[in-house]
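Novice: Counting from 617, one number per residue, gives the positions in the sequence shown under the working numbering.
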Amino acid sequence: MFKEKVRKHVFDHRNNNNSSFREKEKQNHQGGGGYLPSPKHLRRVYPIGIERSTSSFSLSSSLNSNDSSLKGSIILGDWKIPVRRHELSRPPPPQKLVKSVPNVVPRQLSHNVSGDGSLTRCHWITKTTDEVYVVYHDESWGVPVYDDFQLFELLALSGMLMYHFWIEIIKRKDLYREAFSNFDPHIVAKMGEKEIKEISSNKALMLDDSLVRCIIDNANSILKIIMEYGSFSDYLWGYMNYKPMISRYRHAKSVPLRSPKAEVISRNLVRRGFRFVGPVIIHSFMEAAGMTNDHLIDCFRFNECARLAGVDHDYEEESENEGIRNRRCSHLVSIIQQMAAPAGLVVIGISVGVAIGLLLAVCSFFGLRWYRKRSHLRQHSTARSSVSSLPIRTNGLGASIDSSASISSSISVNISDMPAAITPRSWWNHQNKDAFASNSGIPRYSYKDIQKATQNFTTILGQGSFGPVYKATMATNEVVAVKVLASNSKQGEKEFQTEVLLLGRLHHRNLVNLVGYCVDKGQHMLIYQYMSNGSLESLLYSEGEKVLSWEQRLQVALDISHGIEYLHEGAVPPVIHRDLKSGNILLDRSMGAKVADFGLSKEEVFDGRKSGLKGTYGYMDPDYISSSRLTKKSDVYSFGIIIFELITGIHPQQNLLEYVNLAGMSSDGVDEILDKHIVGKCNIEEVRLLASIGHKCIHKTPRRRPSIADVSQAISRIKRRHLTKEDTMSFAGGDVHEVLRRIENQQVELSSLTSIKERVQA
């Protein structure tokens, strides 16, 4: 009801077009609006501006009304937009800016109203969307903001996207305003350690100490800009030529996460000392501040925000004009075709005849080739299935064999490799079961054995993309994990085949060992050794008691590199994992890391053929995505992402690379993105060395990435450096007797070896 009243006020204001814009400003000023007259160039650029009230922000628009409570403004949510903007100290630019647009009577657009009579919003607003976000979308998002305090607030809130979702930030907006003194940069810049400790210790705010310091540093940078430009608003809007960008997106997938303009602003802000201002964050800030209008064009807020910015875009009329032009062109083309029809019949007949002849020749050629190939396959058939036609799973990282939960998702790409020689359904018939068991070399268990070991499938550990995972105790008292294929999962069945065939010949201490499998009573199950500490993903991102120390993280990175090195260099033929991620790294009782989940793996081939696009979003090699060429360097890229996960504790789908690239622009950038759980508990030089390895692994050019063997050696050197430093510290700590005892033992061994050598020579 509140929103409808607001829109009625806005429409009444725009219908009142009996006088010019300049006359309406004069009437409002004489009526006691209480606003300072803005400079001429600002009135022309911003027919509707922003003013800060003492208690909150509100959206206002000039009204020809006698109601003294309104004073020429409309209250809309938390914003207030008056007709005049407060006067800035920056002189007007010499060039002629955009002319103000007179009030336009909005007409009811058919594409702004859905079939049930409700307003059409951007496609990401659904019936299940939180009402707080719906109100924010309808009242604030995309509205141009020119006030320095509000711009500082939106910049700070956008930086919080690193830790929280936008809905959570909006709900705590009042708490943030109270904590940061309504985001007055003069006050925030003076905050000291006492205020930082109070804010970071407030559990209701959920702000990290580093983020609070970042906001304070940004406040100091804003004050410097105000001294130079007169206002933070003039500095930012100068990049936009003092008018917002109006996008023309029709679909949600077309809305970008970053833009060239955001990249320019981000680079300049970083040079001025701002932090947490990557291109993705800046683009989100520009959307919130109305510097870019990213509402979809069929959203009812699209034209409203455009008109609030002083730009009148009526895209329904444009669409109608475009339709008229298209119909005229079609009519003209039809006339030309009718005129040329008699002369073109002969040409068309000849063309059709030639095309049919070529088609028959091509069909005959491929038919003969297919017949010969089929005869050859019949003579040299094998029970081994191709492992190259396994599409990406749709529910992401929940594929571990323990109770770890998935926090991300994978993408689906329908690009297939060469088809398997044997179809999944026919592959498991009675004729092929025994042949498969002998080829894989892995023991096969009956359904009753698994049922008994899992206590009738009651010991569930979790739910993965493959299916449920159970803890089982076999007849030999060995504790294992049983991963059950969902009965309706055709693609999971292909992954089942791939994993059994590969792990039947791959054995390494840093690869998860496949104990057995079961194909019985229509069920397919994989039996692994039990990994008691779950996945690396669950330890990094869950708020549990277990926290990986820096030494453990370094050892995990080394273990993973050894496992991949075996796949690339030790296996014959080499194997590319293709789905390396923290969710597929499992940790045993002693925190040793093992690579798991080989359902998407593929043997390396050198025939130049393109491979189907498979993997997990955030870990996939960009070159592999663009070219569909899978190489060992694709695994190296994924490993580089895992390295930065270990350093930062940030998930790849939470803009990890944005922060990594931003940190790389300064010498102490790694310190800023270090995981809060290991801050002050690690050697920062070792962190920088590991980060440099990660940077080399994610190089955009695959041939410039190191081999996994080189990566493994480099991490081993860091590990030795860490251990050497610990020994030195132990010696300095006063454990002299132990060191002397070791030296004595070495001398005794050396003397005994010398005596043996002398006796042999004698």
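Positions of the beta carbon are idealized from the N, C-alpha and C atoms, including for glycine. Keep in mind it's a predicted model, so treat the numbers as computed, not measured.
Is V1096 closer than 9 Å to I1058 when the C-beta atoms are compared?
Specialist: no
Novice: Going by C-alpha to C-alpha distance, which of A1102, A1173, D1204, A1091 sits closest to N1129?
Specialist: D1204
Novice: First and last residue of the beta strand (DSSP E) that includes Q1145?
Specialist: 1139-1145
Novice: What number of angstroms, rounded off, separates the C-alpha of M861 from the C-alpha of M1207?
Specialist: 52 Å
Novice: Identify, in the order they occur along the chain, each residue of the same chain with its Cβ nearer than 6 Å to the Cβ of I1314, setting aside the five sequence neighbours on each side.
Specialist: Y1253, G1256
Novice: Is the beta carbon of V750 sitting closer than 9 Å to the one on I741?
Specialist: yes
Novice: Helix, strand or coil, according to DSSP, for R1194 in the structure here?
Specialist: coil
Novice: Taking one C-beta from the stretch 832-840 and one from the stretch 798-806 each time, how about it: are there three or more such pairs within less than 8 Å?
Specialist: yes
Novice: Give the straight-line distance between the Cα atoms of R1216 and I1241, rounded to the nearest whole angstrom.
Specialist: Per the sequence shown, the amino acid found at residue 1216 is Leu instead of Arg. Going by the C-alpha atoms only, they are around 15 Å apart.
Novice: Among residues of its own chain, excluding the 5 on either side of G1265, which ones have a beta-carbon nearer than 6 Å to its beta-carbon?
Specialist: The residues L1156, D1291, in chain order, have a CB closer than 6 Å to that of G1265 in the same chain once the five nearest residues on each side in sequence are set aside.
Novice: Quick check on DSSP: helix, strand or coil for R659?
Specialist: Note that R659 has pLDDT 33, beneath the 50 cutoff, so the model's placement of it is unreliable and the number below is only indicative. Here R659 sits in helix by DSSP.
Novice: Tell me the DSSP bridge mates of K1210?
Specialist: L1202
Novice: Among the residues of its own chain, which have a CB less than 7 Å from the CB of L1246, if the five just before and after it don't count?
Specialist: Excluding five sequence positions before and after L1246, the CB atoms of its chain that fall closer than 7 Å to its own CB belong to I1192, R1194, K1218, S1227, Y1240, given in chain order.
Novice: Going by DSSP in three states, K1162 sits in which element: helix, strand or coil?
Specialist: coil
Novice: Who are I1180's beta bridge partners in DSSP?
Specialist: Per DSSP, none; premise fails for I1180.
Novice: In whole angstroms, what separates the C-alpha of Y1061 from that of A1088?
Specialist: 13 Å
Novice: Thinking just about the alpha-carbon of each residue, which of L1077, L1117, K1110, E1111 is nearest to the one in V1098?
Specialist: L1077
Novice: Exposed or buried, what is R1321 when buried is set at 16 or more other beta-carbons lying within 10 Å of its beta-carbon?
Specialist: buried
Novice: For T1232, count neighbouring C-beta atoms within 10 Å of its own C-beta (all shown protein chains included) and say buried if the count is 16 or more, exposed if not.
Specialist: So T1232 ends up on the buried side.
Novice: Do three or more CB pairs link the stretch 757-771 to the stretch 847-855 at distances below 8 Å?
Specialist: yes
Novice: For the alpha helix (DSSP H) containing K877, list its first residue and its last residue.
Specialist: 876-887
Novice: So what does DSSP say about G1132, is it helix, strand or coil?
Specialist: strand
Novice: Who are the Cβ neighbours of V1276 in its own chain at under 6 Å, not counting the five residues just before and after it?
Specialist: F1260
Novice: Roughly how many angstroms separate the alpha carbons of D1018 and K787, rounded to a whole number?
Specialist: Note that D1018 scores 34 on pLDDT, short of 50, meaning its location in the model is unreliable; the coordinates nonetheless yield the value given after this. Rounded to the nearest angstrom, the two C-alpha atoms are 35 Å apart.
Novice: Rounded to the nearest angstrom, what separates Q1269 and L1278 at their Cα positions?
Specialist: 16 Å
Novice: Quick one: measure Cβ to Cβ for I1324 and E1181, integer angstroms, because I've assumed they're closer than 8 Å.
Specialist: 5 Å
Novice: Quick check on DSSP: helix, strand or coil for M856?
Specialist: coil
Novice: Quickly, what does DSSP pair Q1079 with across the bridge? List them, please.
Specialist: P1084
Novice: Count the other C-beta atoms from every protein chain shown that fall within 10 angstroms of the C-beta of M843, then say buried if there are 16 or more, exposed otherwise.
Specialist: exposed
Novice: Which same chain residues end up closer than 6 Å to V968 when comparing Cβ atoms and leaving out the 5 residues on each side of it in sequence?
Specialist: none
Novice: Compute the Euclidean distance between the alpha carbons of D1175 and K877, then round it to the nearest angstrom.
Specialist: 42 Å
Novice: Within the stretch 728-760, note down every full alpha helix (DSSP H) run reaching 4 residues or more, in order along the chain.
Specialist: 747-755
Novice: So, for R1125: in the same chain, excluding its five sequence neighbours on each side, which residues have a beta-carbon less than 7 Å away from its beta-carbon?
Specialist: none
Novice: Tell me whether G1285 is buried or exposed, calling it buried when 16 or more other Cβ atoms sit within 10 Å of its Cβ.
Specialist: buried
Novice: For T1074, does the count of other Cβ atoms within 10 angstroms reach 16, so buried, or fall short, so exposed?
Specialist: Classification for T1074: exposed.
Novice: Would you please state the rounded distance, in angstroms, between the beta carbons of A868 and L912? I believe it to be under 8 Å.
Specialist: 7 Å
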